[in-house]
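If you're matching positions, the sequence shown starts at 1 in full-length UniProt numbering and goes up one per residue. Note that CB positions come from ideal geometry on N, CA and C, so glycine has one too. Contents: one structure, followed by commentary.
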Amino acid sequence: MENEDLALKDAKRRERQSALENGDSNIGLCGWLLVVLSLLLMIVTLPISIWMCIKIVKEYERAIIFRLGRLLRGGAKGPGLFFILPCTDSFINVDMRTITFDIPPQEVLTKDSVTVSVDGVVYYRVQNATLAVANITNADAATRLLAQTTLRNVLGTKNLAEILSDREEIAHSMQSTLDDATDDWGIKVERVEIKDVKLPLQLQRAMAAEAEATREARAKVIAAEGEMNASRALKEASLVIAESPSALQLRYLQTLNTIAAEKNSTIIFPLPLEMMQGFSKR
Numbered sequence: 001m002e003n004e005d006l007a008l009k010d011a012k013r014r015e016r017q018s019a020l021e022n023g024d025s026n027i028g029l030c031g032w033l034l035v036v037l038s039l040l041l042m043i044v045t046l047p048i049s050i051w052m053c054i055k056i057v058k059e060y061e062r063a064i065i066f067r068l069g070r071l072l073r074g075g076a077k078g079p080g081l082f083f084i085l086p087c088t089d090s091f092i093n094v095d096m097r098t099i100t101f102d103i104p105p106q107e108v109l110t111k112d113s114v115t116v117s118v119d120g121v122v123y124y125r126v127q128n129a130t131l132a133v134a135n136i137t138n139a140d141a142a143t144r145l146l147a148q149t150t151l152r153n154v155l156g157t158k159n160l161a162e163i164l165s166d167r168e169e170i171a172h173s174m175q176s177t178l179d180d181a182t183d184d185w186g187i188k189v190e191r192v193e194i195k196d197v198k199l200p201l202q203l204q205r206a207m208a209a210e211a212e213a214t215r216e217a218r219a220k221v222i223a224a225e226g227e228m229n230a231s232r233a234l235k236e237a238s239l240v241i242a243e244s245p246s247a248l249q250l251r252y253l254q255t256l257n258t259i260a261a262e263k264n265s266t267i268i269f270p271l272p273l274e275m276m277q278g279f280s281k282r
């Protein structure tokens with residue numbers, strides 16, 4: 001389905017380009033008279049005029065030629081040499097390289113009524129020089145303004161949690177929206193990235209307090225689970241010691257050995273509970 005949409009977009013773009021390049025280019029009798037006079041002027045002033053008629057465009061540039069205000073057939077020229085007539089022809093150079101610009105920080109109200117400041121970066125290039133010149137006054141400025149508006153529109157439909165976690169999805173949605181909108185201008189948006197999401201200071205403190213409380217609650221739960229496991233282990237140990245009276249004596253000697261290793265002068269002698277019960281009965 002996506003491939004079909006791309007093929008349909010390419011077909012429409014070719015139709016628009018063909019309509020511009022092969023449209024009504026009849027300049028009329030007066031126009032042809034001016035062209036002939038310009039050609040004669042060039043021939044008379046040779047070889048000086050040759051420097052005015054031959055132009056060069058670089059590998060990454062394309063030239064759009066207008067003859068008496070009409071787009072010349074054949075579309076963009078270049079790279080390399082091309083020929084123009086003095087007085088009647090004019091041309092515009094279009095840079096075909098990828099252009100990068102930063103989206104200024106935008107104050108956006110999210111879906112859950114939280115104000116955040118978000119900025120980003122956009123990579124785009126001129127895919128069709130003819131459309132970029134004939135269909136819009138300033139393609140670069142228009143793309144920049146559209147990127148700011150699209151960033152606001154896309155983030156306005158997202159919650160704060162989605163903005164913080166789904167940056168790739170947001171960037172892909174912005175790229176698709178920008179690419180569709182700038183297709184008529186001959187612009188191809190190659191990539192969009194969300195650079196930074198800045199939260200208000202009060203919200204940062206609230207989120208930090210919430211995270212700290214969550215960690216403390218988790219620590220208390222872990223400590224309680226540890227106490228419960230320790231009590232179960234002690235119960236099992238007491239049952240094992242109760243089965244053999246000599247085990248308690250060995251445990252006592254092991255405890256004394258541990259105390260003596262620490263050079264402690266205090267020695268604890270455990271008294272059996274049976275002895276205390278005998279005194280209480282008397």
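What are the start and end residues of the beta strand (DSSP E) that includes residue i?
i: residue 284; result: Nothing can be reported for residue 284: it is not among the residues displayed for the chain, which extend from 1 to 282.
i: Ala132; result: Taken as a continuous stretch (DSSP letters only), Ala132 belongs to no beta strand (DSSP E), being part of the alpha helix (DSSP H) at 129-134.
Since residue i is in the alpha helix (DSSP H), which residue starts that stretch and which ends it?
i: Leu29; result: 28-44
i: Arg73; result: Element bounds for Arg73: n/a, residue is neither H nor E.
Would you report the Cα separation of residue i and residue j, rounded to the nearest angstrom?
i: Arg232; j: Gly226; result: 10 Å
i: Glu2; j: Ile170; result: A caution first: Glu2 carries a pLDDT of 49, below 50, which makes its placement in the model unreliable, though a value can still be read off. Distance between the alpha carbons of Glu2 and Ile170: 18 Å.
i: Ala144; j: Gly80; result: For the sequence presented, residue 144 should be read as Arg rather than Ala. Their Cα atoms are separated by approximately 30 Å.
i: Asp179; j: His172; result: 10 Å
i: Ser238; j: Ala224; result: 21 Å
i: Leu29; j: Phe66; result: 17 Å
i: Arg205; j: Thr182; result: 41 Å
i: Val35; j: Ile163; result: 59 Å
i: Val44; j: Ser38; result: 10 Å
i: Leu72; j: Met52; result: 18 Å
i: Asp24; j: Phe83; result: Reliability fails at Asp24, whose pLDDT of 48 lies under 50, so the model's placement of it is uncertain and the value that follows must be treated cautiously. Straight-line Cα distance between these residues: approximately 22 Å.
i: Glu168; j: Gln175; result: 10 Å
i: Ala211; j: Leu199; result: 15 Å
i: Val215; j: Met207; result: It should be pointed out that residue 215 corresponds to Arg in this sequence rather than to Val. Whole-angstrom Cα-Cα distance: 12 Å.
i: Thr130; j: Asn138; result: 13 Å
i: Met42; j: Lys55; result: 15 Å
i: Trp32; j: Gly186; result: 31 Å
i: Glu243; j: Glu236; result: 11 Å
i: Leu201; j: Asp102; result: 24 Å
i: Ile241; j: Leu250; result: 10 Å
i: Leu46; j: Pro105; result: 56 Å
i: Lys77; j: Arg62; result: 6 Å
i: Leu85; j: Asp166; result: 55 Å
i: Leu160; j: Glu107; result: 13 Å
i: Leu253; j: Ile222; result: 33 Å
i: Gly75; j: Gln148; result: 32 Å
Since I believe residue j is in contact with residue i (beta carbons under 8 Å), could you give me their beta-carbon distance rounded to a whole number of angstroms?
i: Asn153; j: Asp184; result: Asn153 to Asp184, Cβ: 19 Å. No contact.
i: Val118; j: Leu151; result: 7 Å
i: Val116; j: Val197; result: 6 Å
Just to check, is the beta-carbon of residue i closer than 7 Å to a non-hydrogen atom of the ligand ATP?
i: Thr182; result: Within the structure as shown, the ligand ATP is missing, as the structure has no ligands at all.
Original post:
Is the number of C-beta pairs between the segment 121-131 and the segment 192-202 that are closer than 8 Å three or more?
Top reply: yes
**OP:** List in chain order: all unbroken beta strand (DSSP E) runs of 3+ residues lying wholly within the UniProt domain "Band 7" (52-211).
**Re:** 54-57, 61-67, 80-83, 89-95, 99-109, 115-126, 187-198
Original post:
How about the segment 155-170 and the segment 108-121: do they share at least three Cβ pairs that are nearer than 8 Å?
Top reply: yes
Subject >> Contact the segment 50-67 vs the segment 82-99: 3+ CB pairs below 8 Å >> reply: yes
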